[in-house]
Amino acid sequence: MEFQGESNIPAPCQEVWDALLDPEILKECIDGCQEMTQVSEHQYLAKVRARIGPVRTTFSANIQMVDVVAPTSYTLEVSATGGAAGFGKGSASISLVDHGSETQMHYAVNGVVGGKLAQIGSRLIGGVIDKLTTHFFTKFVERWTLQT
Amino acid sequence: MATETGIGASVRRTEDARFITGTGRYTDDINVPGQTYCVFVRSTHARAKIKSIDTSDALSTPGVVAAFVGADLAKDEIGDLPCGWLVKSKDGSDMIAPPHPPIATERVNYVGEPYALVIGETVQAAKDGAEAIVAEFEIQTPVMDVASATQSEQIHESVPSNRSYDWELGDKAATDAAFEDAAHVTSLDIVNNRLIPNAIEPRAALGSFDAASETYTLHTTSQNPHLERLVLAAFVNIAPEAKLHVVSPDVGGGFGSKIFVYAEETAVIWASAKVGRPVKWTADRVESFLSDAHGRDHVTHAELALSEEGDFLGLRVKTTANMGAYLSTFASSVPTYLYGTLMAGQYKTPAIYVEVQAVFTNTAPVDAYRGAGRPEATYVVERLVETAARELNTDVAELRRRNFINPEDFPYETPVALTYDTGNYAASLDKALEYANYSGFASRKARSEADGKRRGLGFSCYIEACGLAPSQVALSLGAGVGLFESAEVRVDVTGSVTVMTGAHSHGQGHETTFAQLVSDKLGIPFENVSVVHGDTRRSDYGLGTYGSRSIAVGGSAISKATDKIVTKAKKIAAHMLDSEEDQVSFDDGIFTIPDSNESLTFGEVAFSAYVPGNFPLDELEPGLSEKAFYDPANFTYPAGTHICEVEIDSETGTTSIVSFVAVDDFGNVINPMIVEGQVHGGLAQGIGQALLEHGIYDSDGQLVSGSYMDYTMPRADDLPDFVVDTTSTPCTHNPLGVKGCGEAGAIGATAAVMNAITDALGVKDLPMPATSETVWRAIQGG
Chain F
1 MEFQGESNIP
11 APCQEVWDAL
21 LDPEILKECI
31 DGCQEMTQVS
41 EHQYLAKVRA
51 RIGPVRTTFS
61 ANIQMVDVVA
71 PTSYTLEVSA
81 TGGAAGFGKG
91 SASISLVDHG
101 SETQMHYAVN
111 GVVGGKLAQI
121 GSRLIGGVID
131 KLTTHFFTKF
141 VERWTLQT
Chain R
149 MATETGIGAS
159 VRRTEDARFI
169 TGTGRYTDDI
179 NVPGQTYCVF
189 VRSTHARAKI
199 KSIDTSDALS
209 TPGVVAAFVG
219 ADLAKDEIGD
229 LPCGWLVKSK
239 DGSDMIAPPH
249 PPIATERVNY
259 VGEPYALVIG
269 ETVQAAKDGA
279 EAIVAEFEIQ
289 TPVMDVASAT
299 QSEQIHESVP
309 SNRSYDWELG
319 DKAATDAAFE
329 DAAHVTSLDI
339 VNNRLIPNAI
349 EPRAALGSFD
359 AASETYTLHT
369 TSQNPHLERL
379 VLAAFVNIAP
389 EAKLHVVSPD
399 VGGGFGSKIF
409 VYAEETAVIW
419 ASAKVGRPVK
429 WTADRVESFL
439 SDAHGRDHVT
449 HAELALSEEG
459 DFLGLRVKTT
469 ANMGAYLSTF
479 ASSVPTYLYG
489 TLMAGQYKTP
499 AIYVEVQAVF
509 TNTAPVDAYR
519 GAGRPEATYV
529 VERLVETAAR
539 ELNTDVAELR
549 RRNFINPEDF
559 PYETPVALTY
569 DTGNYAASLD
579 KALEYANYSG
589 FASRKARSEA
599 DGKRRGLGFS
609 CYIEACGLAP
619 SQVALSLGAG
629 VGLFESAEVR
639 VDVTGSVTVM
649 TGAHSHGQGH
659 ETTFAQLVSD
669 KLGIPFENVS
679 VVHGDTRRSD
689 YGLGTYGSRS
699 IAVGGSAISK
709 ATDKIVTKAK
719 KIAAHMLDSE
729 EDQVSFDDGI
739 FTIPDSNESL
749 TFGEVAFSAY
759 VPGNFPLDEL
769 EPGLSEKAFY
779 DPANFTYPAG
789 THICEVEIDS
799 ETGTTSIVSF
809 VAVDDFGNVI
819 NPMIVEGQVH
829 GGLAQGIGQA
839 LLEHGIYDSD
849 GQLVSGSYMD
859 YTMPRADDLP
869 DFVVDTTSTP
879 CTHNPLGVKG
889 CGEAGAIGAT
899 AAVMNAITDA
909 LGVKDLPMPA
919 TSETVWRAIQ
929 GG
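Protein chains in written order, with the numbering used here: chain F, 1 to 148; chain R, 149 to 930.
Shown next, in the form of structure tokens:
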């Protein structure tokens with residue numbers, strides 16, 4: 001499963017970069033995120049409650065940042081387990097393009113799911129990810145738009 | 149006796165009263181005091197090494213009674229799940245059966261393979277415990293493609309090239325020579341799609357252990373409880389057969405998938421002694437998809453050689469059969485002795501050569517599913533024959549007729565190890581042609597075309613070898629068990645009768661059919677006969693129900709036991725009438741002697757048998773109860789013609805089956821209504837394979853058609869109003885002249901549907917299932 005997209009953030013590049021690395025901000029922006037803990041400079045542990053069609057579960061995710069080039073690009077290696085619902089793992093490459101007061105953010109994600117998620121949820125995952133992504137950027141952009 | 153309830157009468161099924169009022173008694177309906185619940189923890193990876201399994205959090209979960217891993221079973225010397233049919237490769241070597249521990253120990257080899265079990269006070273507690281099991285895996289690349297499995301990474305240490313066997317049947321040299329002489333060769337590359345059985349009742353097991361008597365009792369959804377007991381005793385080492393009581397109560401459908409001995413009932417019966425309390429497991433639908441043995445899944449290259457005039461000269465078939473990750477109970481026999489042996493079909497093809505290699509992949513095990521090997525064989529032969537007729541611009545019916553084995557040719561020995569006892573293939577074809585209004589097809593096609601639609605007609609003249617038996621043949625070909633059947637007929641004091649059969653009904657209506665048979669033979673009311681099955685302590689022995697064997701083998705055993713009852717009853721009647729045994733006639737429930745108006749009813753003789761006031765006890769024992777074991781001399785060979793007519797919407801690719809005719813020769817028929825019902829069900833499954841059903845794993849080994857959202861079961865609105873009729877050439881070697889009808893629909897229908905669709909589209913082949921997308925793409929030209 002692969003998908004990509006981009007979003008314009010009305011803030012300078014460094015500011016966006018800092019926000020993307022802030023566990024509190026991430027927790028606010030990820031729908032269903034119950035915990036987001038930074039365990040080392042480039043590692044986070046998260047708990048996210050998600051519903052994929054008939055499968056409802058809390059994922060425990062281990063998120064590792066690799067290939068970090070501040071403040072323009074990094075890759076997230078994510079491995080998540082959802083108990084009886086199965087597992088998901090994948091990576092997301094994120095890059096920021098500085099347009100002065102605005103920053104363009106590109107993301108490319110690929111991942112696989114296993115277990116019940118694949119069995120009964122695989123057709124629905126695209127839609128769920130769409131929703132999560134939209135939610136994330138809406139919330140993320142709001143950090144700046146709501147200030148003005 | 150021709151009565152409303154005798155042989156040949158469409159008696160309403162007596163068992164249906166409980167089935168349709170919700171008062172059936174299935175395994176999950178049975179509850180025993182102190183019962184606990186088992187949940188299996190299943191692999192979400194298709195291929196991985198187990199690095200560690202930690203059950204400690206599970207054990208401290210509230211309500212959890214116990215948690216076990218594969219090593220716990222191994223410590224108790226619980227054996228592997230065996231494959232009961234030894235197939236040999238071309239070079240004479242035995243097939244390779246990799247170790248199949250019930251609960252995975254070192255590695256997992258398909259998504260859904262159990263690696264731990266948790267037992268709880270409630271299902272929810274056990275589920276919570278299962279969630280708390282922490283397992284670490286080293287994930288490996290799975291082997292998913294059947295065609296390239298032999299060149300892929302090795303799944304099992306003991307199986308080089310992932311190949312269990314490389315089998316052959318027939319005369320290679322003669323077949324190759326036939327192809328050299330051929331005026332025309334038709335060839336096809338065929339994929340027989342993987343199917344998932346989907347019985348309406350999921351598998352279930354309830355195991356109990358009585359410490360005082362050291363006896364285990366297992367209630368389970370088995371099509372063959374005695375076989376279950378045999379395997380659990382002899383291979384799995386649970387307990388001796390005498391200390392194992394297996395009951396298959398009402399069972400809601402099997403289609404083959406409940407023949408096999410699975411991990412779950414094995415673990416449950418073992419665990420019941422371990423925890424000292426009864427343990428119950430009932431599969432949810434997701435588990436059924438993942439862990440019931442799947443069906444079909446062949447990749448085949450097939451060629452038919454023909455003469456200028458259209459005579460079949462030779463048939464060459466090379467198949468790779470997917471076994472899944474392990475060899476299930478009878479998996480090895482399905483693509484060999486139930487497949488290669490059927491390649492003659494209804495035809496006099498003089499030279500046939502079949503090669504089958506069985507390979508392992510990281511998927512659920514594949515085993516017998518309705519028809520088991522014979523649908524795959526019919527698909528190969530009937531797709532080839534229809535394609536050949538089109539290539540030669542010959543009438544598809546007449547090309548078949550030209551090559552039919554004729555009534556005067558029986559018994560007919562095929563080049564692939566079978567001897568057909570009887571048949572009249574042209575009779576079924578003619579009747580089917582009439583029902584299908586074959587001559588009117590051209591005008592119907594023109595009318596469809598005028599409406600912008602495409603119409604096609606497809607045939608399938610199938611044959612099957614069923615009534616699975618005979619023991620001597622099966623044993624000589626590698627079967628691990630005999631294939632006879634047993635019966636006991638007990639006459640009660642008041643003349644009513646209880647029949648114990650080793651056959652097992654999981655939807656077939658045995659309680660009605662067998663009662664008709666016995667009441668007809670004994671001339672007693674249908675209502676006075678009860679049929680008991682599915683209990684190893686009530687029936688002597690039994691091989692169960694599969695391979696359309698219940699009436700041909702089980703019914704014949706009952707017939708034989710009933711004959712013994714008549715013989716004994718005549719002795720008693722002779723004594724009562726002061727005559728000689730050979731002077732007594734028995735007809736329609738009445739015993740008479742010549743030159744006398746004295747007679748006795750069956751009831752009077754039965755009563756006397758149990759109230760033996762003045763029996764000469766050294767010559768005549770009291771009682772009236774007889775047993776029989778019946779082992780037939782040959783398979784039975786039901787055969788028939790199915791004709792399917794489709795209309796395809798050119799814009800959407802949607803296929804409608806506008807007519808489906810099935811004319812089958814089942815020999816004698818006991819209950820035509822039940823037979824028609826069996827044909828309907830089989831047709832639905834055969835059509836389902838062609839149009840709708842597909843078990844799909846993605847390249848990571850995840851089952852992506854693992855629920856009814858993605859796996860399309862045929863529904864009533866997908867199916868036409870079937871035209872079903874029979875012809876009859878009675879089986880020559882069983883006492884009832886019956887052949888069996890359970891699988892015919894699924895065996896014949898698939899090829900007929902695909903022949904119709906390819907005819908409508910004017911394409912040589914199309915992958916199954918022919919969904920609207922597949923058909924639409926074919927219309928668009930690729």
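Note that the Cβ used here is the ideal one computed from N, Cα and C, for glycine as well.
Per the coordinates, the alpha-carbon of Phe870/R lies some 20 Å from the alpha-carbon of Glu530/R. Using a Cβ-Cβ cut-off of 8 Å, Arg123/F counts as an interface residue toward chain R, since at least one Cβ of chain R sits closer than that to its own. Put simply, the CB of Thr192/R is near chain F, with a gap under 8 Å to one of its CB atoms.
Between the stretch 629 to 639 of chain R and the stretch 776 to 787 of chain R, the count of Cβ pairs shorter than 8 Å is three or higher; the stretches touch.
At least one C-beta of chain R is nearer than 8 Å to the C-beta of Ile120/F. Counted as a single uninterrupted DSSP element, the stretch harbouring Pro820/R is not any beta strand (DSSP E) but the alpha helix (DSSP H) occupying residues 820 to 839. Chain R has a Cβ within less than 8 Å of the Cβ of Ala84/F. Interface residue (Cβ-Cβ distance to chain R less than 8 Å): Val66/F is not classified as such. Within the same chain, Asn572 come within 6 Å of Pro555/R by CB-CB distance, once the 5 residues on both sides are set aside. With a threshold of 8 Å between beta carbons, Gly114/F makes contact with chain R.
Around the CB of Asn541/R, fewer than 16 other CB atoms lie within 10 Å, so the residue is classed as exposed. Below 8 Å, too few C-beta pairs join the stretch 224 to 232 of chain R and the stretch 288 to 298 of chain R to call them touching: fewer than three.
Beyond the five residues adjoining it in sequence on each side, Ala11/F comes within less than 7 Å, by CB distance, of Thr103, Trp144 in the same chain, given in chain order.
In the structure shown, the three-state DSSP call for Ser208/R is coil. Cβ neighbours of Glu729/R within its own chain (closer than 7 Å, five residues either side excluded): Lys718, Lys719, Ala722.
As DSSP reads the structure, Phe808/R sits in a beta bridge with Cys792/R. For Tyr185/R, DSSP records a beta bridge to Gly268/R, Lys428/R. Among the CB atoms of chain F, one or more fall inside 8 Å of the CB of Gln850/R. When the Cα atoms are used, Gly443/R and Ala537/R turn out to be separated by approximately 30 Å. Contact annotation, Thr684/R with His449/R: C-beta distance approximately 45 Å; criterion of less than 8 Å not satisfied. DSSP, reduced to helix, strand and coil, places Pro23/F within a helical segment of the structure shown. The residue among Ala613/R, Ile201/R, Asn782/R, Asn903/R with its C-alpha nearest the C-alpha of His790/R is Asn903/R. With a threshold of 8 Å between beta carbons, Phe437/R makes contact with chain F. Going by beta carbons, Thr175/R and Leu354/R fall inside the 8 Å limit.
DSSP places Lys47/F in the uninterrupted beta strand (DSSP E) bounded by 43 to 52. Annotation: Arg638/R is outside any alpha helix (DSSP H); the continuous beta strand (DSSP E) that includes it extends over 633 to 639.
Annotation for Met65/F: the continuous beta strand (DSSP E) segment containing it runs 55 to 69. Here Asn257/R carries a coil assignment [DSSP, helix/strand/coil]. Thr535/R counts as buried, since no fewer than 16 other beta carbons sit within 10 angstroms of its beta carbon. Within the same chain, and ignoring the five residues on either side of Ser707/R in sequence, the residues whose Cβ sits closer than 6 Å to its Cβ are Pro883, Leu884. With the rule of 3 Cβ pairs closer than 8 Å, the stretch 276 to 283 of chain R counts as touching the stretch 196 to 216 of chain R. For Met491/R, no Cβ of chain F is located within less than 8 Å of the residue's own Cβ.
Taking the beta carbon of Phe87/F as reference, the chain R residues within 9 Å of it are Thr192, His193, listed in sequence order. Tyr74/F: not part of any alpha helix (DSSP H); member of the beta strand (DSSP E) spanning 73 to 81, first to last residue. If you look at Asp176/R, you'll find it isn't in any beta strand (DSSP E); DSSP assigns it neither H nor E. DSSP, reduced to helix, strand and coil, places Glu921/R within a helical segment of the structure shown.
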